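**Q** Quick one: the structure is below, questions incoming.
Residue numbers (this note's numbering): 44 to 224.
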């Protein structure tokens, strides 16, 4: 499955992506609010891209889109499709050198359009570390509403962190699209 935007291609991962994937996941700034530790080894990356490259994006479970621009892998967007095939969780990562250019908004927005408009999902949820203000702003910019704040809820990297919970309904996405937002 391939999704495109004006500047991006969202596609399945290939084994050729492993080195670049490991490099951006090894960046401490990229890993800071994520569930993995830096460095992220090449062996971990090779195992990951092999596993997700063979995944079915229409089946329940996690599917990861590789995000590229100009033929360069710059990040990924993950979709965790629920068993009921009507709702999903979403997550995203972008290499530091490509942040601040609107690529994450563009990539996540394209995946949301696919999920809501092409697949007819009812709801997409996301959560982020409360300290990750850029991620929270991205979700808000895309129409998500903050639905909760779990205080000191997640033990990660040697500390308790707060989680922000976000949700977006398909009806809200389509209404915003109809309004030209």
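Even glycine gets a Cβ: it sits at the ideal position worked out from N, Cα and C.
Quick caveat: nothing in here was measured; it's all calculated off a predicted structure.
Measuring alpha carbon to alpha carbon, tell me which of 196, 201, 186, 82 ends up nearest residue 210.
**A** Along the chain shown, one-based indexing puts residue 210 at 167. Checked all of 196, 201, 186, 82; the closest Cα to residue 210 is 186.
**Q** Give a yes or no on whether the C-beta atoms belonging to residue 164 and residue 218 are separated by under 8 Å.
**A** Translated into positions along the chain shown, residue 164 becomes position 121. Translated into positions along the chain shown, residue 218 becomes position 175. No; because the gap between Cβ atoms is not below 8 Å, this pair is not in contact.
**Q** Is the separation between the beta-carbon of residue 153 and that of residue 53 shorter than 8 Å?
**A** On the chain shown, position 110 is the one that residue 153 refers to. On the chain shown, position 10 is the one that residue 53 refers to. Cβ atoms of residue 153 and residue 53: closer than 8 Å.
**Q** Would the beta-carbon of residue 140 fall within 8 Å of that of residue 120?
**A** Working through the chain shown from its first residue, we reach residue 140 at position 97. Working through the chain shown from its first residue, we reach residue 120 at position 77. For residue 140 and residue 120, no; Cβs fall outside 8 Å.
**Q** Check whether the Cβ atoms of residue 193 and residue 172 sit closer than 8 Å, and answer yes or no.
**A** Residue mapping note: residue 193 aligns to position 150 of the chain shown, counting from 1. Residue mapping note: residue 172 aligns to position 129 of the chain shown, counting from 1. Result no, Cβ atoms of residue 193 and residue 172 do not sit closer than 8 Å.
**Q** Could you check whether residue 56 and residue 107 sit closer than 8 Å to each other, using their CB atoms as the reference points?
**A** Residue 107 sits at position 64 when you count from the first residue of the chain shown. Residue 56 sits at position 13 when you count from the first residue of the chain shown. In this structure, residue 107 sits near residue 56, with a CB-CB distance shorter than 8 Å.
**Q** For residue 146 versus residue 118, is the C-beta spacing smaller than 8 Å?
**A** By one-based count along the chain shown, residue 146 stands at place 103. By one-based count along the chain shown, residue 118 stands at place 75. Cβ atoms of residue 146 and residue 118: closer than 8 Å.
**Q** Of all the options 60, 177, 175, which has the alpha carbon lying nearest to the alpha carbon of residue 114?
**A** Against the chain shown, residue 114 aligns to sequence position 71. Selected option, being the one with the closest Cα: 60.
**Q** Kindly indicate which three-state DSSP category residue 196 falls into: helix, strand or coil?
**A** Start at 1 with the first residue of the chain shown, and residue 196 comes out as number 153. If DSSP states are grouped into helix, strand and coil, residue 196 belongs with the strands.
**Q** Please report the straight-line C-alpha distance between residue 98 and residue 66, rounded to a whole angstrom.
**A** For the purposes of this step, residue 98 is identified with residue 55 of the chain shown, where counting begins at 1. For the purposes of this step, residue 66 is identified with residue 23 of the chain shown, where counting begins at 1. Straight-line Cα distance between these residues: approximately 22 Å.
**Q** Can you tell me whether DSSP reads residue 101 as helix, strand or coil?
**A** Residue mapping note: residue 101 aligns to position 58 of the chain shown, counting from 1. If DSSP states are grouped into helix, strand and coil, residue 101 belongs with coil.
**Q** Assign residue 169 to one of three DSSP states: helix, strand, or coil.
**A** Residue mapping note: residue 169 aligns to position 126 of the chain shown, counting from 1. Here residue 169 sits in strand by DSSP.
**Q** Where does residue 102 land, buried or exposed, given buried means 16+ other C-beta within 10 angstroms?
**A** In the chain shown, residue 102 corresponds to position 59, counting from 1. That one is exposed.
**Q** Measuring alpha carbon to alpha carbon, tell me which of 215, 64, 45 ends up nearest residue 90.
**A** Position 47 of the chain shown, counting from 1, holds the residue named residue 90. Out of 215, 64, 45, 64 has the C-alpha closest to the C-alpha of residue 90.
**Q** Check residue 91 in the structure and name its three-state DSSP category.
**A** Mapped onto the chain shown, residue 91 falls at position 48. Residue 91 sits in a helix when the DSSP states are folded into three classes.
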